[in-house]
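Enquirer: This is the structure, below, for whatever I ask next.
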Amino acid sequence: MQKQLVVTVIGADKPGIVESLAAVISREQGNWLGSAMSELAGQFAGILHVSVPDEHYRSLCEALALLPGLTISFAEGTPTAEPAHQVMMTVTGNDRPGIVHEVASILRQLEINVADLTTGCEPAPHSGAPLFYAHALVALPDGLAMDDLITALESLSDDLVVDIDEAFSEQ
1 MQKQLVVTVI
11 GADKPGIVES
21 LAAVISREQG
31 NWLGSAMSEL
41 AGQFAGILHV
51 SVPDEHYRSL
61 CEALALLPGL
71 TISFAEGTPT
81 AEPAHQVMMT
91 VTGNDRPGIV
101 HEVASILRQL
111 EINVADLTTG
121 CEPAPHSGAP
131 LFYAHALVAL
141 PDGLAMDDLI
151 TALESLSDDL
161 VVDIDEAFSE
171 Q
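Numbering (the UniProt record's numbering), first residue to last: 1 to 171.
Dropping the structure here:
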């Protein structure tokens, strides 16, 4: 039987972290199923989904915990079904404090689950002013009209633009 393991990793960024994680997972008969990893403010931050035979679960966790310079935590996962209706959306606007909270509050109010989220700031093309962006894969509840989602998000400010990738939509 296989166990699902979610591993979070953080530590000072340096070459070789991914390779050391992969080596331990491979040595302990684990299967690296998915991950998201970034360098943020000089720190390596990652989250991994690993499948591992029951008999190797404990030794994998122990071996990962011994990797030097990394803080690692574990959570046992469970298989989940894909949501019926997911869309990829992009939100852009002038950066300001609280924008992520405002967007997240609208999503919660509309009972939208965030499956994947990437945010950041970059200089606007002509002015160089900080431009906030969020790319999110979201699961929409049955009956929510796409226009209602766009209207709710764009009501947060005059400069906020929401794009929904309809080609990704599975409705």
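Even for Gly, the Cβ is constructed at its ideal location relative to N, Cα and C.
S59 lies in the alpha helix (DSSP H); which residues open and close that run?
Expert: 54-65 is the span of the alpha helix (DSSP H), which, as asked, contains S59.
Enquirer: Which of the three DSSP states, helix, strand or coil, is assigned to E122?
Expert: Correct three-state label for E122: strand.
Enquirer: When you compare only the Cα positions, how much space is there between V9 and L67?
Expert: Going from the Cα of V9 to the Cα of L67 covers about 10 Å.
Enquirer: Could you pull out every residue in the same chain whose Cβ sits closer than 7 Å to the Cβ of L33, ignoring the five residues on either side in sequence?
Expert: Answer for L33: H49, V50, S51, listed in chain order.
Enquirer: Could you tell me the distance, in whole angstroms, from the CA atom of T80 to the CA atom of A136?
Expert: About 19 Å.
Enquirer: How would you call V100, buried or exposed, if buried means at least 16 neighbouring beta carbons within 10 angstroms?
Expert: Per the 10 Å Cβ criterion, exposed.
Enquirer: Just the C-alpha distance for S73 and V7, rounded to the nearest angstrom, thanks.
Expert: Roughly 6 Å between the two C-alpha positions.
Enquirer: For V161, which residues of its own chain have a beta-carbon under 6 Å away from its beta-carbon, when the five flanking residues on both sides are left out?
Expert: Only T92 meet the Cβ criterion.
Enquirer: Using three-state DSSP, classify Q29 as helix, strand or coil.
Expert: Coil.
Enquirer: For L110, which residues in the same chain have their Cβ closer than 7 Å to its Cβ, ignoring the five residues on either side in sequence?
Expert: So the qualifying residues of the chain are L144, L149, A152.
Enquirer: Which runs of the alpha helix (DSSP H) spanning at least 4 residues fall entirely within the UniProt domain "ACT" (88-167), listed in chain order?
Expert: Qualifying alpha helix (DSSP H) stretches, in chain order: 99-109, 146-154.
Enquirer: Please report the distance separating the alpha-carbon of E154 from that of A22.
Expert: Each residue's alpha carbon lies about 42 Å from the other.
Enquirer: DSSP three-state label for A84, please.
Expert: Coil.
Enquirer: How many angstroms separate the CA atom of V138 from the CA atom of L117?
Expert: Spanning the two alpha carbons is a distance of roughly 9 Å.
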